[in-house]
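Here the sequence shown is numbered in our numbering, starting from -16 and rising by one per residue.
Every residue, glycine too, gets a C-beta built ideally from N, C-alpha and C.
The model shown is predicted, which means the values in this text are computed figures rather than measured ones.
See structure below.
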Amino acid sequence: MTASSPFDDFRALLNSLPDPDENAIRLARKRQSELTKPEGSLGRLEDIALWYAGWRGKEKPLVTRPLVAVFAGNHGVTDENVTPVPRAVTQQMVENFAAGGAAINQICIAYDLGLKIFDLALDYPTMDITKDAAMDMRGAAATMAFGMESIAGGTDLLCLGEMGIGNTTIASAISLALFGGKAEEWTGPGTGSKGDYYRRKIAAVKKAVELHKDHLDDPFEVMRRLGGREIAAMMGAILAARMEKIPVILDGFVVTSAAAILHKINPHALDHCIAGHVSAEPAHRRLLDKIGKNRSLISE
């Protein structure tokens, strides 16, 4: 008999994911054909509208309760001197979010978006992934469950963001573990990691994946060994949104690395997600290609 795991409930959910409403997509497509505009004149926006209609199950869906959820975590891998930015900046940025002084605050005000900031035990960084697993199994599962609760209160469009000094190192290690290749292909400058910082960052990614290589066949183990609390929480938020048929916008390389873990478990796990942009981080486009987020959202 196989021993139970704290991740078993999440595995079960990932094997019973709801699908979009194909009839709603059909009706929305028919409505588009009747609008007074040339077919395809709105480009990708037309595809996005059909995708959104399918997940909300309505021919003419409206976004009335959009939510931006930002998850913040600290990482022991910064002890490897992979970034010139001190770990304390994570807490400083969270305080800036709370005070309304960050760019995301202004965006949310301008577009009337809800905003939630989640401080994930910033005083207790995860373990240094070059020396140990980032989290124990129960802690990782509990953080994922916490992320699932982030949409409590309701939303009809979820945009995920993150904050965490050192977490592009984490995202690079996750990407390498999931999709292989070379550490250099997955590792970019992040927040100013140039010269010796960049070389140490590549070395840390290589060392971490090598250390944990015997356990990386299971994507949940990739998350707990190489990830961080914000990675686990965002995975939970994406999964909860899928169960509630809430569309999700993925913002940036680190968020995409969390999503990629779910994709590795079930290639259809991210059908309700769209990439908000391609960032300057060199590996972001490569990772989006791996999880199929550069392709059509709607089957013809």
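Looking only at C-alpha atoms, which of Ile257, Ala243, Pro265 and Glu227 sits nearest to Thr138? Glu227
Give me the Cα-Cα distance between Arg208 and Ile112, rounded to the nearest whole angstrom. 7 Å
Here's the rule I'm using: 16 or more other beta-carbon atoms within 10 Å means buried, otherwise exposed. How should Glu213 be labelled? buried
Going by C-alpha to C-alpha distance, which of His260, Ala263 and Ile221 sits closest to Ala252? Ile221
State buried or exposed for Gly275, treating a residue as buried only when at least 16 other CB atoms are found within 10 Å of its CB. exposed
Measuring only the C-alpha atoms, how far is Ala(-5) from Glu22? 41 Å
For Asn79, which residues in the same chain have their Cβ closer than 7 Å to its Cβ, ignoring the five residues on either side in sequence? Ala85
Can you give the beta carbon distance from Lys43 to Arg70, rounded, assuming they're within the 8 Å contact cut? 47 Å between Cβ atoms; not a contact.
I need the DSSP call for Glu42, collapsed to helix, strand or coil. coil
For a minimum of 3 consecutive residues, which ranges assigned as the beta strand (DSSP E) are wholly contained in the stretch 217 to 256? 231 to 233
Ordered along the chain, which non-local residues of its own chain (more than five positions away) have a Cβ less than 7 Å from that of Ile8? Leu33, Ala36, Gly37 and Ile281
Looking only at its own chain, which residues have a Cβ that is under 7 Å from the Cβ of Glu204, when we skip the five neighbours before and after it? His198
Just to check my reading of the structure: Met206 and Met217 have Cβ atoms closer than 8 Å, yes? What is that Cβ distance to the nearest angstrom? With a Cβ gap of about 10 Å, Met206 and Met217 do not count as contacting.
Top-ranked residue by Cα proximity to Ala117, from Val192, Leu96, Asp179 and Ala135: Val192
Indicate the three-state DSSP secondary structure (helix, strand or coil) for Glu145 in the structure shown. strand
Whose CA, out of Lys41, Val77, Asn(-2) and Gly130, lies closest to the CA of Ile148? Val77
So within the stretch -11 to 56, which uninterrupted alpha helix (DSSP H) runs reach at least 4 residues, ignoring any that extend past its ends? -9 to -3, 5 to 17 and 27 to 39
Residues near Arg225 in its chain [Cβ-Cβ closer than 6 Å; skip 5 each side]: Leu0 and His255
Rounded C-beta distance between Ala55 and Glu145? I'm assuming under 8 Å. 7 Å
Around the C-beta of Gly210, are 16 or more other C-beta atoms found within 10 angstroms, so that it is buried, or is it exposed? buried
To the nearest angstrom, how far is it from the Cα of Leu143 to the Cα of Leu45? 19 Å
Could you check the C-alpha separation between Ile248 and Phe162 for me, to the nearest Å? 13 Å
Whole-angstrom C-beta distance between Met110 and Gly175, which should lie under 8 Å: About 24 Å; that fails the 8 Å criterion.
Take Ile153 and list the residues in its own chain whose beta-carbon comes closer than 8 Å to its own, dropping the five residues that flank it on each side. His58, Val60, Ile112, Ala117, Gly147, Leu209, Gly210, Gly211, Ile214, Val237 and Ser240
Can you tell me whether DSSP reads Ala258 as helix, strand or coil? strand
Could you spell out the range, first to last residue, of the alpha helix (DSSP H) harbouring Lys99? First-last for Lys99: Gly97 to Asp102, but that is the beta strand (DSSP E), not the alpha helix (DSSP H).
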